[in-house]
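Taking it in order: structure first as structure tokens, then the write-up.
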Amino acid sequence: MATKSVKAGDLTVSYAETGHGSPVILLHGGLATQAMSWGSVTPLLAGHFRVLAPDSRGHGETNNPTGVLSYDQMADDVVAFARAVGAERPLIFGFSDGGQIALEITLRYPGFARAYVLGGTVSEPSPAYIDGLKGWGFTGPGQVDLDQVQQAFGGFFDAIRVSHRGNGEPEYWRALLPQVATLWHGLPSYSLDQLGNVSEPTLIIMGDRDELGGVDQAARLYRGLPKSELAILPNADHAAVMSDHFWAIVVDFLQRHSGS
1462 MATKSVKAGD LTVSYAETGH GSPVILLHGG LATQAMSWGS VTPLLAGHFR
1512 VLAPDSRGHG ETNNPTGVLS YDQMADDVVA FARAVGAERP LIFGFSDGGQ
1562 IALEITLRYP GFARAYVLGG TVSEPSPAYI DGLKGWGFTG PGQVDLDQVQ
1612 QAFGGFFDAI RVSHRGNGEP EYWRALLPQV ATLWHGLPSY SLDQLGNVSE
1662 PTLIIMGDRD ELGGVDQAAR LYRGLPKSEL AILPNADHAA VMSDHFWAIV
1712 VDFLQRHSGS
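Taken in order, the sequence shown gives residues 1462 to 1721; the numbers are from the working numbering.
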């Protein structure tokens, strides 16, 4: 995909774009980038949709003037980005942090999107979620055990170091990790009443062995969101997004709600 940049709010957002049709915005997970996330996905989508894949605030080639990350701000970023690139009533796919951002958008901007996909997304900082963060080495707000992160993430840790250079600063990733730790440990708890106000069709898709969410969190979202569909992938953890089965379900949902 061709990489571009656009001014959106206080950010210069780096993004990739390909395809034609109804717009689909792809929101990557925390500590990933669009380039790390969607290489095998865009060929599935580009024949049907205008695919827009931004780097989130402070990630990849998108800047972060505030030095702080929060889901409400990142939701505002996505809406500003969509308006800047002329993506009206987009479909929004979010995975992991991208799903958390998408969930914030559903609540902050009713009617903004045509439909949502929430992959590996949770609605509250459950004990399993907090234990999962600590298992990855994100031990508390702003607190990171680098050795543990490296052990837990393996090759992904090396990709983080290479992909987040903050305007040419090779050690920027060291500042980003504590910001992400604060973001993750500050996850809001959404009540069923809040979720009940969401009017857009929403697909909730989760691996049955997801370290941060799993079946219980997926079911809570399914119960709370009035126009939701639920897909549980068997024998799949937080990396379920990498499976062909995952994307077959997602593409089917997006096509049904594209409006074309």
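Idealized CB from N, CA, C, for every residue including glycine.
Beta-bridge partners of residue i, as assigned by DSSP
{"i": "Met-1497", "result": "Paired residues: none, contrary to the question."}
{"i": "Thr-1503", "result": "In the DSSP output, where bridge partners are listed per residue, Thr-1503 has none listed."}
{"i": "Ile-1666", "result": "Gly-1580 and Ala-1692"}
{"i": "Ser-1483", "result": "Phe-1510"}
Three-way DSSP call (helix, strand, coil) for residue i in this model
{"i": "Tyr-1590", "result": "helix"}
{"i": "Ser-1409", "result": "What is shown of the chain runs 1462 to 1721, which leaves residue 1409 out entirely."}
{"i": "Tyr-1476", "result": "strand"}
{"i": "Thr-1600", "result": "coil"}
{"i": "Ser-1660", "result": "coil"}
{"i": "Ala-1548", "result": "coil"}
{"i": "Phe-1542", "result": "helix"}
{"i": "Arg-1622", "result": "helix"}
{"i": "Ala-1709", "result": "helix"}
{"i": "Ala-1424", "result": "No information on residue 1424 is available, as it lies outside the stretch 1462 to 1721 that the chain covers here."}
{"i": "Val-1676", "result": "helix"}
{"i": "Gly-1560", "result": "helix"}
{"i": "Ala-1574", "result": "coil"}
{"i": "Leu-1648", "result": "coil"}
{"i": "Val-1751", "result": "In the structure displayed, the chain extends from 1462 to 1721; residue 1751 sits before or after that span and is not available."}
{"i": "Gly-1490", "result": "coil"}
{"i": "Gly-1720", "result": "coil"}
Proximal residues to residue i (C-beta, below 6 Å), its chain only, five neighbours per side dropped
{"i": "Asp-1516", "result": "Ser-1475, Thr-1494, Gln-1495, Glu-1522 and Thr-1523"}
{"i": "Glu-1690", "result": "Leu-1664"}
{"i": "Ile-1621", "result": "Leu-1492 and Trp-1634"}
{"i": "Ile-1486", "result": "Leu-1513, Pro-1551 and Ile-1553"}
{"i": "Lys-1468", "result": "none"}
Outcome for residue i when other beta-carbon atoms lying within 10 angstroms are tallied against a minimum of 16
{"i": "Pro-1563", "result": "At residue 1563 the sequence reads Ala, which differs from the Pro that was named. Classification for Ala-1563: buried."}
{"i": "Met-1535", "result": "buried"}
{"i": "Gly-1555", "result": "buried"}
{"i": "Ser-1652", "result": "exposed"}
{"i": "His-1706", "result": "exposed"}
{"i": "Arg-1717", "result": "exposed"}
{"i": "Met-1703", "result": "exposed"}
{"i": "Arg-1481", "result": "Note on residue identity: the sequence assigns His, not Arg, to residue 1481. Result: exposed."}
{"i": "Leu-1488", "result": "buried"}
Own chain, CB closer than 8 Å to residue i, minus 5 neighbours either side, in chain order
{"i": "Tyr-1590", "result": "Val-1583, Leu-1648, Leu-1673, Gly-1674 and Gln-1678"}
{"i": "Ala-1613", "result": "Gly-1596, Trp-1597 and Gly-1598"}
{"i": "Leu-1505", "result": "Trp-1708 and Val-1712"}
{"i": "Glu-1478", "result": "Met-1462, Ala-1463, Lys-1465, Arg-1511, Val-1512, Leu-1513, Ala-1514 and Val-1546"}
{"i": "Val-1610", "result": "Trp-1597, Gly-1598, Phe-1599, Phe-1618 and Leu-1638"}
Contacting residues, own chain, Cβ-Cβ under 7 Å from residue i (five flanking each side not counted)
{"i": "Tyr-1683", "result": "Ile-1665, Ser-1689 and Leu-1691"}
{"i": "Gln-1655", "result": "Leu-1568"}
{"i": "Asp-1471", "result": "Pro-1526"}
{"i": "Arg-1550", "result": "Ala-1574 and Arg-1575"}
{"i": "Leu-1594", "result": "Trp-1645 and His-1646"}
Below-8 Å beta-carbon distance, residue i vs any chain C residue
{"i": "Ile-1665", "result": "The structure shown contains no chain C; it holds only a single protein chain."}
> Just checking, does the region 1616-1634 make contact with the region 1539-1555 on the three C-beta pairs under 8 Å criterion?
Replying inline: For the pair of segments examined, the region 1616-1634 was found not to touch the region 1539-1555: the number of CB pairs separated by less than 8 Å stays below three.
>> Across the region 1571-1587 and the region 1518-1534, are there enough close Cβ pairs to call them in contact, namely three or more that are closer than 8 Å?
In response: no
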